[in-house]
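> According to full-length UniProt numbering, the first sequence is numbered sequentially starting from 1. Ideal Cβ positions, reconstructed from N, Cα and C, are used throughout, including at glycine. This one's a predicted model, so the numbers in the text were calculated from it and none came from an experiment. Take this structure, written in structure tokens, and hold onto it; I'll ask about it next.
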Amino acid sequence: MYYKKTCFVLLNDFICTFYSQYCLVDDMIFMILIGESSTRTRRRRKKSKGGEGNGMKKRKLSEEQVNLLENSFSNEHKLESERKDKLALELGLDPQQVAVWFQNRRARWKNKKLEEEYSKLKASHEGAIVDKCRLEAEVLKLKEQLSEAEKEIQKLSERCDELLISSPNSSYSIDTDPHFHGSFVVEGFENLCVPEYNYGHGMDWVNLYNL
DNA sequence: CAGAATCGTGAGTTACATCA
DNA sequence: CTGATGTAACTCACGATTCT
Numbered sequence: 001m002y003y004k005k006t007c008f009v010l011l012n013d014f015i016c017t018f019y020s021q022y023c024l025v026d027d028m029i030f031m032i033l034i035g036e037s038s039t040r041t042r043r044r045r046k047k048s049k050g051g052e053g054n055g056m057k058k059r060k061l062s063e064e065q066v067n068l069l070e071n072s073f074s075n076e077h078k079l080e081s082e083r084k085d086k087l088a089l090e091l092g093l094d095p096q097q098v099a100v101w102f103q104n105r106r107a108r109w110k111n112k113k114l115e116e117e118y119s120k121l122k123a124s125h126e127g128a129i130v131d132k133c134r135l136e137a138e139v140l141k142l143k144e145q146l147s148e149a150e151k152e153i154q155k156l157s158e159r160c161d162e163l164l165i166s167s168p169n170s171s172y173s174i175d176t177d178p179h180f181h182g183s184f185v186v187e188g189f190e191n192l193c194v195p196e197y198n199y200g201h202g203m204d205w206v207n208l209y210n211l
């Protein structure tokens with residue numbers, strides 16, 4: 001049986017090759033599809049006028065048939081030979097039709113699954129973008145706060161300089177005042193630890209905490 | 001073991017039916 | 001009537017299994 005089918009396919013291949021070479025294209029014969037995108041050649045099915053010709057007229061499966069097929073598909077996506085024959089008998093269809101239906105149904109199922117997966121990934125991606133925006137806004141806000149703090153420190157530093165210049169002979173000096181040894185505290189920055197060696201004019205230490 | 005035949009399947013395509 | 005869409009049917013390639 002398959003031998004006959006193979007012979008038919010081979011014969012078709014021969015006919016197609018022949019006609020493609022000699023460009024004898026007729027509505028009643030197969031044509032060769034020469035695709036640019038594909039390396040392999042495909043036979044183009046001829047249009048069946050009124051359901052005659054090589055193939056049976058395409059007919060829609062009844063609701064009952066589809067329901068039964070769907071039921072069977074939900075149980076098992078693969079179709080063994082026995083099940084195929086049994087289903088075909090039950091549905092009054094050709095086993096080949098059942099096989100084709102399962103084949104197409106698997107393709108549809110796969111497409112649907114891909115679409116669902118894509119939707120999930122898209123939603124997750126959009127969520128990540130929202131998070132990113134929120135974090136960027138937070139970073140901006142923190143940078144502003146830091147800038148304000150720097151300005152405040154700068155002001156204090158300048159004030160210290162002024163005090164030193166205005167009273168050079170005063171016994172009240174940074175060197176002698178124990179309050180200026182070690183770290184000092186700026187209002188609102190109690191937890192900020194300033195290194196002892198660098199509380200002069202420079203703001204370099206601040207950069208240590210810069211983002 | 002090699003090669004041919006057979007079978008099942010995925011991927012891609014075509015043609016037809018249906019609907020807005 | 002027409003274009004879009006869904007789907008049955010088809011083609012091809014390929015891997016696995018069976019046969020010779």
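Ignore the nearest five residues each way along the sequence and tell me which others in Leu69's own chain have a CB closer than 6 angstroms to its CB.
Within the same chain, Leu69 has close Cβ partners Trp101.
> Is it buried or exposed, Leu87, if we count other Cβ atoms within 10 angstroms and call 16 or more buried?
So Leu87 counts as buried.
> I need the straight-line Cα distance from Leu79 to Ala107, nearest angstrom please.
Those two C-alpha atoms are separated by around 14 angstroms.
> Determine the direct distance from the alpha carbon of Cys160 to that of Glu150, and round the result to whole angstroms.
Roughly 15 angstroms separates the two Cα atoms.
> Using a 10 Å radius around the Cβ and a threshold of 16 neighbouring Cβ atoms, would you call Lys110 buried or exposed?
Label assigned to Lys110: exposed.
> I'd like the list of long-range same chain contacts for Ala137, defined as Cβ closer than 6 angstroms, with 5 residues on each side in sequence excluded.
Taken in chain order, the list of residues that qualify is empty.
> My parser needs the alpha helix (DSSP H) runs of 4 or more residues fully inside the stretch 49 to 134; what are they?
63 to 75 and 81 to 91, all fully within the stretch 49 to 134.
> With a Cβ-Cβ cutoff of 8 angstroms, do Ala99 and Lys113 count as a contact?
No, Cβ-Cβ distance for Ala99 and Lys113 is not below 8 angstroms.
> Do Gln65 and Leu89 have their C-beta atoms within less than 8 angstroms of each other?
No, the pair does not count as a contact, with Cβ atoms beyond the cut-off.
> Among Ser166, His77 and Arg59, whose alpha-carbon lies nearest the alpha-carbon of Asn104?
The candidate whose alpha carbon is nearest that of Asn104 is His77.
> Pull up the distance between the alpha-carbon of Phe73 and that of Ser119, whole angstroms please.
Rounded to whole angstroms, Phe73 to Ser119 spans 24 angstroms at the Cα level.
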